[in-house]
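Please read the structure below before turning to the comments.
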Amino acid sequence: MQQDILINWSPQETRVAVVEHGAVQELHVERTLERGLVGNVYLGKVARVLPGMQSAFIDIGLERAAFLHVADVWQRHPEGDAGVLARKSEPQVPIEKQVFEGQALMVQVIKDPIGSKGARLSTQISVAGRLLVFLPQDEHVGVSQKIPLGEREALRARLQALVGDKASGGGGGFILRTNGEDATDAELADDIAYLRKTWTRIKDAALRQPPLSLLHQDLDLLQRVLRDLVGEHTQSIRIDSLEQFQRLRAFGLEFMPAAAAKLQHYRGERPVFDLYSIDEEIARALGRRVDLKSGGYLIIDQTEALTTVDVNTGGYVGARNFDDTIFKTNLEAAGAIARQLRLRNLGGIVIVDFIDMLREEHQSAVLAEFRKHLARDRVKTMAGGFSNLGLVEMTRKRTRESLAHMLCEPCAACQGKGSVKTARSVCYDILREILREARQFNPREFRVIASAAVVELFLDEESAHLAGLSDFIGKPISLQTEAAMGQEQYDIVLL
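Using full-length UniProt numbering, the first residue of the sequence shown is number 1, and each one after it goes up by one.
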């Protein structure tokens with residue numbers, strides 16, 4: 001798998017595209033005024049405790065209070081200083097016995113605010129470095145699950161020796177990240193020292209700063225590219241800003257030399273995103289329909305609760321029989337769906353409606369293909385089998401807004417419904433409203449202010465109904481066009 005990373009930088013926005021074999025797989029966007037909050041550490045203030053929901057709302061200085069569930073509260077062992085997040089097998093201490101209103105509490109954002117929901121918090125603080133993740137409240141030493149099982153124990157023992165070294169400062173737990181698998185002891189020791197220094201700064205800030213203060217901010221998107229996106233398959237990282245190239249190179253040489261070696265300053269005349277038609281790909285990723293090479297297509301609908309994906313054969317009739325046509329379309333769709341989930345950053349519950357297949361071996365092959373493509377996702381995914389209704393249910397961890405929610409807003413005309421009432425329906429709504437008003441009030445005249453389409457219909461096809469209502473209520477009805485109004489909008493003025 002060959003991978004290239006393209007970075008388009010401007011003062012107001014940073015855009016990153018991950019390209020594999022010439023196709024865009026991931027898009028990351030960060031706006032200067034709308035930076036994500038995941039990883040940030042705050043000194044929050046408990047605003048409200050809800051025993052019935054076993055949760056609390058924490059004020060961290062944002063527009064909406066953030067949400068803390070009891071499962072994300074770090075609990076202390078009575079016999080020692082080390083803590084654990086509550087496990088299902090252990091008795092749960094009620095949240096009302098752990099936090100109280102007005103309490104100052106150090107918390108970390110684990111999910112950005114999404115839609116109408118506030119940020120999700122945890123009191124277990126973790127600080128991510130280049131090679132390791134530091135857990136200052138724990139003594140656990142672990143290894144990423146993505147590292148092969150046979151190598152984990154040896155790496156864990158090696159890391160345990162480094163962490164336990166008195167010269168390294170002592171205290172806290174660590175998890176070895178995937179890109180730390182081949183790191184030297186010196187590199188790991190440097191990362192340990194850096195993470196412990198960062199935690200010391202956070203603790204000192206918590207003692208000096210008032211509640212609602214930001215104690216620690218995670219790296220910006222440019223720096224996270226080197227930390228999180230670059231891997232052994234990455235061939236190049238091209239950035240089109242000389243200033244940001246120099247800044248990122250200095251950061252990389254200090255903390256991630258191997259990744260910094262892949263950095264290139266793009267000097268081409270065409271914008272860097274034009275190399276792989278990234279802007280066209282973004283435009284397609286905002287649409288409902290995704291065309292497949294075979295002639296089939298996907299329909300993707302996103303709601304606040306879940307995302308649905310419907311697979312259709314479209315104009316594909318190339319296989320020998322109908323069963324093979326369906327099977328080949330579903331196989332192609334399996335890879336396309338996994339790519340669209342990454343590209344659009346769709347998270348939460350996803351329901352996939354593959355075309356119905358009669359043969360079990362076809363179902364098994366499509367499911368295996370789907371899971372193979374999902375395994376390449378850096379975000380945690382879990383897919384079940386086919387349900388009795390022929391649907392595949394899956395989840396994808398959601399930590400930030402989807403691409404559509406980040407770049408778009410609900411339509412002013414339809415308010416996000418995706419459709420508006422016809423002009424005729426609005427005409428009939430207006431006629432009913434005038435009749436209601438006439439029974440309660442006695443104005444000299446009714447004036448209807450509406451969109452051009454509605455007024456034109458009243459003057460043409462619906463003129464007889466309007467005149468009949470005017471005769472029935474005994475009042476004149478006048479019409480006025482308002483260009484700024486949507487088709488469903490209208491006002492009835494009593495004169």
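Built from N, CA and C at the ideal position, the CB exists for glycine as well.
Within the continuous beta strand (DSSP E) that includes residue i, where are the two ends?
i: F273; result: F273 -> no beta strand (DSSP E), and no H or E assigned at all.
i: T307; result: 306-312
i: residue 518; result: Absent from the model: residue 518. The displayed extent of the chain is 1 to 495, so no value can be given.
i: Q235; result: 234-239
i: S213; result: 213-216
i: R120; result: 120-122
According to DSSP, which residues form a beta bridge with residue i?
i: L27; result: A17
i: H69; result: S55
i: E393; result: I351
i: I449; result: Q480, D491
i: I147; result: BP columns for I147 are empty, so no partner.
i: D291; result: Y297
i: F386; result: V392
i: L6; result: A17, R238
i: T198; result: In the DSSP output, where bridge partners are listed per residue, T198 has none listed.
i: Q302; result: T307
i: V127; result: F134
So for residue i, helix, strand or coil by DSSP?
i: E488; result: coil
i: R177; result: coil
i: Q252; result: Reading off the sequence, residue 252 comes out as Gly, not Gln. Helix at G252.
i: H465; result: helix
i: Y297; result: strand
i: L155; result: helix
i: D132; result: The displayed chain sequence assigns Leu, not Asp, to residue 132. Three-state DSSP puts L132 in a strand.
i: V141; result: strand
i: K45; result: strand
i: K97; result: helix
i: S470; result: helix
i: L263; result: strand
i: I114; result: strand
i: residue 505; result: Look at the range of the chain in this structure, 1 to 495, and you will see that residue 505 is not part of it.
i: L50; result: strand
i: V455; result: helix
i: R87; result: Interpretation of R87 is limited by its pLDDT of 43, a score under 50 that renders its predicted location unreliable; no figure is taken from the coordinates.
Please list the terminal residues of the continuous alpha helix (DSSP H) segment that includes residue i.
i: M406; result: 403-407
i: I278; result: 278-285
i: F327; result: 322-344
i: V225; result: Unbroken run through V225: none, as it is neither H nor E.
i: S425; result: 423-440
i: V366; result: 360-374
### Message
With three or more C-beta pairs closer than 8 Å as the rule, is the segment 419-429 touching the segment 387-395?
### Response
No: the two stretches stay apart, fewer than three of their Cβ pairs being nearer than 8 Å.
### Query
Should the segment 132-143 be regarded as contacting the segment 173-185, the criterion being three or more beta carbon pairs within less than 8 Å?
Flag = yes, the segment 132-143 and the segment 173-185 touch.
### Message
With a threshold of 8 Å, are at least 3 pairs of Cβ atoms found where one atom belongs to the segment 262-271 and the other to the segment 234-245?
### Response
Cβ pair count under 8 Å is three or more, so yes.
### Query
Between the segment 347-358 and the segment 403-418, do three or more beta carbon pairs fall short of 8 Å?
Segment contact: the segment 347-358 against the segment 403-418, fewer than three CB-CB distances shorter than 8 Å; contact not assigned.
### Task
Report yes or no: do three or more beta-carbon pairs, one from the segment 103-114 and one from the segment 39-58, lie closer than 8 Å?
By the Cβ criterion, the segment 103-114 is in contact with the segment 39-58, since at least three pairs of Cβ atoms, one from each stretch, lie closer than 8 Å.
### Query
If you pair each beta-carbon of the segment 63-71 with each one of the segment 378-385, do three or more pairs fall below 8 Å?
These segments do not touch.
### Message
Counting beta carbon pairs with one atom in the segment 108-117 and one in the segment 202-214, are three or more of them shorter than 8 Å?
### Response
By the Cβ criterion, the segment 202-214 is not in contact with the segment 108-117, since fewer than three pairs of Cβ atoms, one from each stretch, lie closer than 8 Å.
### Query
If we count Cβ pairs, one from each stretch, closer than 8 Å, do we get three or more for the segment 479-487 versus the segment 446-465?
Taking 8 Å as the limit for Cβ pairs, the verdict is that the segment 446-465 does touch the segment 479-487.
### Query
Is the segment 148-157 in contact with the segment 273-287, if contact means three or more CB pairs nearer than 8 Å?
Not touching, per the Cβ criterion.
### Task
Examine the Cβ distances between the segment 366-375 and the segment 52-61 and report whether three or more of them are shorter than 8 Å.
Between the segment 366-375 and the segment 52-61 there are fewer than three C-beta pairs closer than 8 Å, too few to call the two in contact.
### Query
Is the segment 320-335 touching the segment 438-447, taking contact as three or more C-beta pairs under 8 Å?
No, the segment 320-335 does not touch the segment 438-447.
#### Entry: Three or more C-beta pairs below 8 Å linking the segment 221-232 and the segment 241-258
For the pair of segments examined, the segment 221-232 was found to touch the segment 241-258: the number of CB pairs separated by less than 8 Å reaches three.
### Query
Are the segment 287-297 and the segment 29-44 in contact at 8 Å, needing three or more beta carbon pairs?
With a cut-off of 8 Å, the segment 29-44 and the segment 287-297 do not count as touching, because too few Cβ pairs lie within range.
### Query
Is the number of C-beta pairs between the segment 210-220 and the segment 33-43 that are closer than 8 Å three or more?
Contact between the segment 210-220 and the segment 33-43 is present: 3 or more CB-CB pairs across the two stretches fall below 8 Å.
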